[in-house]
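Peer 1:
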Amino acid sequence: MWFRQDLRLADNPALVHACSSGNKVVALFILDDVSAAAWTMGSASRWWLHHSLASLAEDLDRRGATLILRRGSTRDVIKSVVAETGATRVFTSRCYEPWARALETQVHDDLKAAGVTFKRFAGSLMFNPDWVRTKTNSAFKVFTPFWRAVSGTEVRTPIAAPDEIHQPAVLPRSESLNAWDLLPTKPDWAGGLRDTWQPGEAQAVDRLDTFLDNAIGNYTDKRNRPDIVGTSRLSPYLHFGEISPATCWHRARDIAKNDQKLSAGLETFLKELAWREFSYYLLFHWPNMPEVSFRPEFENFPWSGTDDQLRAWQSGQTGYPVVDAGMRELWTTGWMHNRVRMVTASFLIKHLLISWREGAAWFWDCLVDADLASNSASWQWVAGSGADAAPYFRIFNPQKQGETFDPAGDYVRRWVPEIAKLPDKYLHAPWNAPPDILAHAGITLGKTYPRPIVDHTQARAAALAAFGTLKSGMAVE
Ligand code: FAD
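Residue 360 in numbering that gives the first Met the number 0 sits at position 361 of the sequence shown; the count goes up by one each step and never skips.
#1: Assuming contact is defined by CB atoms lying nearer than 8 Å, are His238 and Gln400 in contact in what I supplied?
#2: Alpha carbon to alpha carbon, how far is Trp98 from Val468? Give it in angstroms, no decimals.
#3: Drop a sphere of 10 angstroms on the beta-carbon of Trp302, count the other beta-carbons inside from all chains shown, and report buried for 16 or more, exposed for fewer.
#4: If we call anything under 8 Å between Cβ atoms a contact, is Asp109 one with Ile77?
#5: Looking at the strands, I want to know which residues DSSP matches up with Ser92.
#6: Please indicate yes or no: does the CB of Ser278 lie closer than 7 Å to some heavy atom of the ligand FAD?
#7: Taking only three categories from DSSP, how would you classify Tyr448?
#8: Please classify Asp220: is it buried, with 16 or more other beta-carbons within 10 angstroms of its beta-carbon, or exposed?
#9: Consider the C-beta atom of Leu366 and the heavy atoms of the ligand FAD; say whether any pair is separated by less than 7 Å.
#10: Per DSSP, what kind of secondary structure is Leu352 in: helix, strand or coil?
#11: Would DSSP call Ala474 helix, strand or coil?
#12: Rounded to a whole number of angstroms, what is the C-alpha to C-alpha distance between Met326 and Arg338?
#13: Going by DSSP in three states, Arg338 sits in which element: helix, strand or coil?
#14: With distances taken Cα to Cα, identify the nearest neighbour of Trp361 among Ser44, Val33, Leu27.
#15: Which whole-angstrom value describes the C-beta separation of Phe404 and Arg224, a residue pair presumed to lie in contact below a C-beta threshold of 8 Å?
#16: For Glu476, is the classification buried or exposed, using 16 other Cβ atoms within 10 angstroms of its Cβ as the cut-off for buried?
#17: I need the boundaries of the alpha helix (DSSP H) containing Arg147, first residue and last residue.
#18: Does the beta-carbon of Asn374, which I'm using as the reference point, lie nearer than 7 Å to any heavy atom of the ligand FAD?
#19: Suppose contacts are defined by Cβ-Cβ distances below 8 Å. Is Trp179 in contact with Arg70 by that definition?
#20: With a cut-off of 8 Å, do at least 3 Cβ pairs link the region 428–448 to the region 355–372?
#21: Less than 7 Å between the CB of Ser231 and some heavy atom of the ligand FAD, yes or no?
#22: Can you list, in chain order, the residues of its chain with a C-beta nearer than 8 Å to that of Thr65? Leave out the 5 residues immediately preceding and following it.
#23: For Arg413, report the span of its alpha helix (DSSP H) as first-last.
#24: Using a threshold of 7 Å, is the CB atom of Asp370 nearer than that to any non-hydrogen atom of the ligand FAD?
#25: Quick one: what does DSSP say Leu309 is sitting in, helix, strand or coil?
#26: Shortest alpha-carbon distance to Pro286 belongs to which of Lys420, Ala461, Glu96?
#27: For the pair the region 246–261 and the region 274–289, tell me if three or more CB-CB distances fall below 8 Å.
#28: Using only CA atoms, which one of Leu124, Leu102, Thr331 lies nearest to Gly191?
#29: Can you check whether the CB of Phe346 is closer than 8 Å to the CB of Pro406?
#30: What are the residues that DSSP puts in a beta bridge with His284?
#31: Cα separation between Asp194 and Cys247?
#32: Grab me the residues of Ile29's own chain with a C-beta within less than 6 Å of its C-beta, minus the 5 sequence neighbours each way, in chain order.
#33: Which residue comes first and which comes last in the beta strand (DSSP E) that contains Phe28?
#34: Name the DSSP bridge partner or partners of Arg70?
#35: Residues in the same chain with beta-carbon distance under 7 Å from Val33, minus the five sequence neighbours each way, listed in chain order, please.
Encoded structure:
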């Protein structure tokens, strides 16, 4: 059993099939920093992976199996483990990143040549991207018709974890997880991650239960509020496969379908799970989405932001409180609320005129849920260059976004404590505060907290002018 982005025992069809009929199973995880090339895991994801593997190893151990860890080229490791064990079949869950799909094909060919059967199962997605098609048999580019097409189809019923896993008496060699150096040491910047998260399958189930017990009823109203816990925070667990989307889908439906109060929230939650599917769907059909603007005109966009501006954005020093709060939340916890992801991404692209690729790369390194499909699709969505994208000329006003979605300022006060003493009226726009109020709050703009690095009105005009230089083909509403 070759584990990949399915680091769980429950609802893992590949694992269940591998274990059927009392077969002897070797549980293998390969850390392959070669095959993923540019999309090798970022630092926060590596932290998560370490703990996720430790947790999986314990869960396997309770069922009688050892997790074998090997580092290197996947093809070489699989060939070697097959030779060491005499395995006749290799089981895995499909992955959908372009590099992972190419790798699967190569492994398939290698195993075929060696007379070994390769069995692939769909465990990470609910809807096979190859099967969902428009009436004319092309791929959907827009979410709403995609959602219409999939929402009526039955999602696979989750299957239980195997009770016992039998393994061969002699196991292949395993490396030590600690020797992989996935955790940061010099310096150890992971304190905020440790305080925020506990990776692992049991925690994923707890989190889903907590969300279904407390938040799903208000999800539609509260999911845009970064100042409260209104969403599930399941994204890293889903990314690493510690819980399956089918499990989330069915448990949410079972709890909420007969309860009027919960059903509106249920529909919105299922739709968000479907946005994840849609992102994978887009990546499957347009594999260069992480690198190339979906709308080709955007390849000519006159990006003009500076390195200093990029650094100010990355470190949460733009002078716009909600942007800075989001970027600091990301840096400290490895996660950022979806509304604030949209605001910070829009700010980078449209206020600073810095390419969405720079933003996607920073998120890739910092997010514990960094996911090639969701990250690339979302960045292109915000940029306006994506398949089903927000129009480029819709430019978020960070002050208004803060006032609307963080009305009492709790989110900004938490992450930007140096301006916490400002009255609510000025919290999202400290530059408007009169000098005596700033002094009373202990703030010297430009010293204790930055002045805005760009002026919103001017930046908006500059963004629209830059947008206007793009060749035709852009439908302006
Ligand atoms: P909930 O609101 O509880 O939603 C449940 C699940 O649905 C999520 O865990 C997630 O798997 C999925 N989901 C929700 N919203 C979206 C969405 N807009 N697109 C795709 N799937 C969604 N999500 C990632 O998982 N990895 C990323 O690398 C990532 N990068 C993003 C970058 C930008 C610029 C933006 C705007 C969004 C990005 N998202 C990404 C999508 C979204 O922000 C997160 O999935 C969400 O914030 C996770 O929080 P949650 O688990 O509480 O979500």
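Cβ atoms here follow ideal geometry from the backbone N, Cα and C, with glycine treated the same way.
Peer 2: Quick answer:
#1: no
#2: It is worth fixing the name first, because residue 468 is Thr in this sequence and not Val. Answer to the nearest angstrom: the Cα atoms are 34 Å apart.
#3: Exposed: under 16 other Cβ atoms inside 10 Å.
#4: In this structure, Asp109 places its C-beta atom within 8 Å of the C-beta atom of Ile77.
#5: Answer is Phe120, bridged to Ser92.
#6: Flag set: Cβ of Ser278 near the ligand FAD.
#7: It is a strand residue.
#8: exposed
#9: yes
#10: coil
#11: Confidence at Ala474 is low in this model, with a pLDDT of 41, below 50, so the placement of that residue is unreliable and no value is reported for it.
#12: Each residue's CA atom was taken as its position, placing Met326 and Arg338 some 12 Å apart.
#13: helix
#14: Ser44
#15: Going by Cβ atoms, the distance from Phe404 to Arg224 rounds to 6 Å, so yes, they are a contact pair.
#16: With a pLDDT of 31 at Glu476, under the threshold of 50, the predicted position of this residue should be treated as unreliable, though the coordinate-derived value follows. Glu476 is exposed by the Cβ-count criterion.
#17: 142–150
#18: yes
#19: Between Trp179 and Arg70, the C-beta spacing is below 8 Å.
#20: no
#21: Yes, since a heavy atom of the ligand FAD falls inside the 7 Å radius drawn around the Cβ of Ser231.
#22: Ala26, Ala56, Leu59, Gln166, Leu170, Ser173
#23: Note, Arg413: alpha helix (DSSP H), 409–414.
#24: yes
#25: helix
#26: Glu96
#27: no
#28: Per the C-alpha coordinates, the member of Leu124, Leu102, Thr331 positioned closest to Gly191 is Thr331.
#29: no
#30: According to DSSP, His284 bridges with nothing at all.
#31: 25 Å
#32: Arg69, Thr73, Val76
#33: 26–30
#34: Leu30
#35: Ser72.
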